[in-house]
Amino acid sequence: MGTRRTTPPNSDVSRVAWVTVQTRNGEQHRYRDTSTGRYISARQVRADIDRMVDAAGRGAARPLTEALRDRRISLAEWQSGMARAVKNVNYAAVASASGGVQNMTAVERGRAGHIIREQYKHLRNFAKEIETGKQPLDGRAIRRADMYMDAARGSYHEQKRAAEAAAHPGQVMMIRSIRHPGDSCRGCISLSGKWFKMGDPEYIPVGRRECRTSCRCSEETGVADESGAVAGLGMDGY
Ligand SMILES: [Zn+2]
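In structure tokens, the structure reads:
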């Protein structure tokens, strides 16, 4: 099996390849189903991430927090279990936008590491608030633990934005939000479809709007020419 064979989470490993394609706007990577020859849509990759995130909530964040609430595990055990889950989901999400673990470069592994270390900081704060009683061990704590898994969606988009920017050096990179029908918070509605310069503070990335980590909206990147006209890079490339 060649090194280019790879997979987004939960897909059938043997049937997915990470390929380089030439577009009008330069090289892009795509996932291709080797059994049909068809490209795999970003929607499918996102659906895999949503399934992974939901499974991590059901399989790790919730049972760990319930076990802590019921005094079946210590706070230290809860924290190390949560840290492991945080690492797994975020690493997998960055890998999904990088052609799978096998195709991750040092830059991408470094980005995943940085995201995970940031999450560990939040997790330490969460643990401290449980310890002091500021965070009661009720439904809110369980929901909050779940959000650590959901945050992996934002990590996927963060990697996608960074990779597209790196692939277009010297160009003016643009970003827009594509609204998911289920996302109807004010930010998701008002941002939908409008192009912003990447890094413009008026553009709030997926995962940081009112709906926070539960956001299922997508993002498209684009390049602007001298006249300001934007050529979208499409949803399915990386
Ligand atoms: Zn929203």
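Numbering (this note's numbering), first residue to last: -6 to 231. All C-beta atoms in this analysis are idealised placements derived from N, C-alpha and C, irrespective of residue type, glycine included. For clarity, every value in this text was computed on a predicted model and none was experimentally measured.
Looking at C-alpha atoms only, which residue of the options is the closest neighbour of residue i?
i: G30; options: A155, A10, D131, R44; result: A10
i: M142; options: Q112, A120, L130; result: Q112
i: A69; options: V12, P198, L116, V100; result: L116
i: G200; options: V12, E151, V38, I109; result: E151
i: A134; options: L61, D229, Y32; result: L61
i: E234; options: Y24, P174, E213; result: The chain is shown only over -6 to 231; residue 234 falls outside these bounds and no answer can be derived.
i: K190; options: T206, A222, S207, D47; result: A222
i: A145; options: Y231, M97, V87; result: V87
i: R77; options: R65, M97, A54; result: A54
i: T27; options: I33, R8, G92; result: R8
i: G192; options: M167, D176, C178, S177; result: M167
i: S207; options: S177, L57, R104, Y231; result: S177
How big is the Cα-Cα spacing for residue i and residue j?
i: G50; j: A159; result: 32 Å
i: A217; j: D131; result: 48 Å
i: G215; j: M75; result: 36 Å
i: F119; j: G19; result: 43 Å
i: H22; j: N83; result: 20 Å
i: R17; j: S91; result: 21 Å
i: T13; j: R136; result: 39 Å
Quick test of your reading: residue i and residue j, contact by CB under 8 Å. State the CB separation rounded to the nearest angstrom.
i: S148; j: I197; result: Actually they do not touch by this definition, with Cβ atoms about 16 Å apart.
i: G180; j: E203; result: 5 Å
i: H173; j: R209; result: 4 Å
i: S211; j: R39; result: 6 Å
i: D229; j: A35; result: 5 Å
i: T58; j: A138; result: 4 Å
query = Listed by chain order, which residues have C-beta atoms less than 5 Å from any heavy atom of ligand 1?
reply = D176, C178, C181, R202, C204, C208
task = Kindly provide the ranges of any beta strand (DSSP E) runs that are 3 or more residues long and lie completely inside the region 84 to 166, ordered along the chain.
result = none
query = What are the complete alpha helix (DSSP H) segments, minimum 4 residues, inside the region 164 to 203?
reply = 179 to 184
query = Where are the beta strand (DSSP E) runs, 3 residues long or more, that stay fully inside the region 12 to 72, in chain order?
reply = 19 to 26
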